[in-house]
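If you read the protein sequences in the order shown, they are chains G and H.
Just so we're aligned, residue 55 is where the first sequence starts under our numbering, counting upward by one.
Just so we're aligned, residue 2 is where the second sequence starts under our numbering, counting upward by one.
Cβ atoms here follow ideal geometry from the backbone N, Cα and C, with glycine treated the same way.
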Amino acid sequence: MKPKFGVVVFPGSNCDHDAYFVIKKILGHEVTFLWHKENNLDDVNVIILPGGFSYGDYLRTGAIARFSPIMNSVIDFANKGGIVIGICNGFQILLEAGLLPGVMLRNISLQFVCKDVYLSTENTSTLFTSEIPSEKKAIKIPIAHGEGNYFATEDVLKELEDNNQIVFKYSDSNGVVSDEVNPNGSLLNIAGIINKKGNVLGMMPHPERACDSVLGKTDGQFIFKSIINYLTN
Amino acid sequence: MFKAKVIIKRRPSILDPQGKAVEKGAQHLGLTNIRNTRIGKYIEFDVLSDNREEAEKEVNDYCNKLLANPIMEDYEFTLEEVK
Chain G
55 MKPKFGVVVF PGSNCDHDAY FVIKKILGHE VTFLWHKENN LDDVNVIILP
105 GGFSYGDYLR TGAIARFSPI MNSVIDFANK GGIVIGICNG FQILLEAGLL
155 PGVMLRNISL QFVCKDVYLS TENTSTLFTS EIPSEKKAIK IPIAHGEGNY
205 FATEDVLKEL EDNNQIVFKY SDSNGVVSDE VNPNGSLLNI AGIINKKGNV
255 LGMMPHPERA CDSVLGKTDG QFIFKSIINY LTN
Chain H
2 MFKAKVIIKR RPSILDPQGK AVEKGAQHLG LTNIRNTRIG KYIEFDVLSD
52 NREEAEKEVN DYCNKLLANP IMEDYEFTLE EVK
């Protein structure tokens with residue numbers, strides 16, 4: 055199948071064009087924008103919920119975006135097994151929509167943190183991570199958020215661990231996970247999780263900002279290439 | 002019509018970094034007796050209904066589905082009849 059990506063645009067999205075650019079210009083695949091007031095998904099087979107500050111982050115991050123018309127279609131699409139990746143604010147929207155468990159709290163430092171971080175890939179057998187080379191101990195991807203402090207109850211954390219749903223953890227460049235390299239206070243250093251079925255990924259780091267060699271880092275490509283390979287093979 | 006006044010509180014088990022930071026300000030002010038500062042939200046709105054039960058149901062729906070996130074927040078509200 056030839057993949058066709060859709061990037062949802064909410065009022066306040068600001069990483070939508072980066073995601074579009076990466077899919078179209080760097081990876082050479084079909085991509086279209088999906089406006090939040092529409093409910094037509096335009097026959098896409100991958101949906102990207104991009105980063106930004108949808109609806110001004112009013113009330114709680116992602117809380118209002120979750121009720122926009124397009125999200126009803128996205129929830130349907132995901133429940134039928136469609137591939138969805140939520141990045142940063144997109145991850146927060148997935149949590150509010152109940153497509154992934156847990157919530158995001160304010161960073162423990164109260165600071166907006168914008169920097170490159172290393173991620174250890176905890177599950178390489180997902181459709182989002184299969185192209186990450188096994189010899190890579192950690193991938194380098196930037197974060198930029200004020201509320202990325204992942205919280206869930208103990209039961210939920212245990213379930214995430216038991217089902218291998220924790221995909222990325224904040225680590226050092228050797229893939230060692232510790233409190234020292236936790237940028238926001240997330241429980242278990244969680245940076246990204248998938249749903250039980252494995253078709254919905256939420257991650258705080260921005261892979262679309264680490265795809266163009268001009269910017270000095272390309273590890274983000276592994277994630278998009280994994281999706282593309284999954285759909286083409 | 003009713004006037005609804007909703008208070009949303011972070012669950013006691015959930016850390017409140019914002020409350021902690023604000024409390025540091027209290028210490029800097031020399032207010033040495035202040036402890037356990039926690040920050041919540043106050044929201045008020047009108048409910049266009051003359052039936053209290055119906056109004057309560059609608060406020061509960063609003064709180065559960067949108068205003069509060071039950072994973073980390075609890076809410077309480079009052080409904081005052083406005084003539």
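Item: contact_flag[the stretch 188-206 of chain G, the stretch 141-155 of chain G] where n(CB pairs < 8 Å) is 3 or more; Value: yes
Item: Whole-angstrom distance between P13/H and E81/H, CA atom to CA atom; Value: 28 Å
Item: C168/G, buried or exposed, once every other Cβ within 10 Å from all chains shown has been counted against 16; Value: exposed
Item: Members of the stretch 30-47 of chain H that neighbour chain G once the beta carbon cut-off is set at 7 Å; Value: none
Item: Neighbour-count burial assignment, N52/H, 16 or more Cβ in a 10 Å radius; Value: exposed
Item: Ranges of the alpha helix (DSSP H) found wholly within the stretch 181-253 of chain G, counting only runs of at least 4; Value: 208-216
Item: Neighbour-count burial assignment, P104/G, 16 or more Cβ in a 10 Å radius; Value: buried
Item: Rounded C-alpha distance that separates L269/G from R263/G; Value: 8 Å
Item: Three-state class that DSSP yields for T175/G in the structure shown; Value: strand
Item: Residues near I118/G in its chain [Cβ-Cβ closer than 8 Å; skip 5 each side]; Value: S108, Y109 and Y112
Item: Chain H residues whose Cβ lies nearer than 7 Å to that of I162/G; Value: P18
Item: Bridge partners - F121/G, DSSP secondary structure assignment; Value: DSSP output for F121/G lists no bridge partner at all.
Item: beta-carbon W89/G near the ligand NAD non-hydrogen atom, thresh 8 Å; Value: Although the ligand NAD was asked about, the structure shown includes no ligands whatsoever.
Item: 8 Å contact criterion, which K56/G and E84/G should meet: CB distance rounded; Value: 7 Å
Item: Every unbroken beta strand (DSSP E) inside the stretch 30-57 of chain H [3 residues or more]; Value: 42-48
Item: Under 9 Å by beta carbon: chain G residues contacting I8/H; Value: Within chain G, no residue comes near I8/H; the closest Cβ sits about 14 Å away, beyond 9 Å.
Item: Chain G within 9 Å of A22/H, Cβ atoms only; Value: yes
Item: Residue interval of the beta strand (DSSP E) (run including K10/H); Value: F3 to R11
Item: Which listed residue (V83/H, K84/H, E74/H and F78/H) has its alpha carbon closest to that of L159/G; Value: E74/H
Item: V61/G, DSSP secondary structure in three states; Value: strand
Item: Contacts of N70/H in chain G (Cβ-Cβ under 8 Å); Value: R114, A117, E150 and V157
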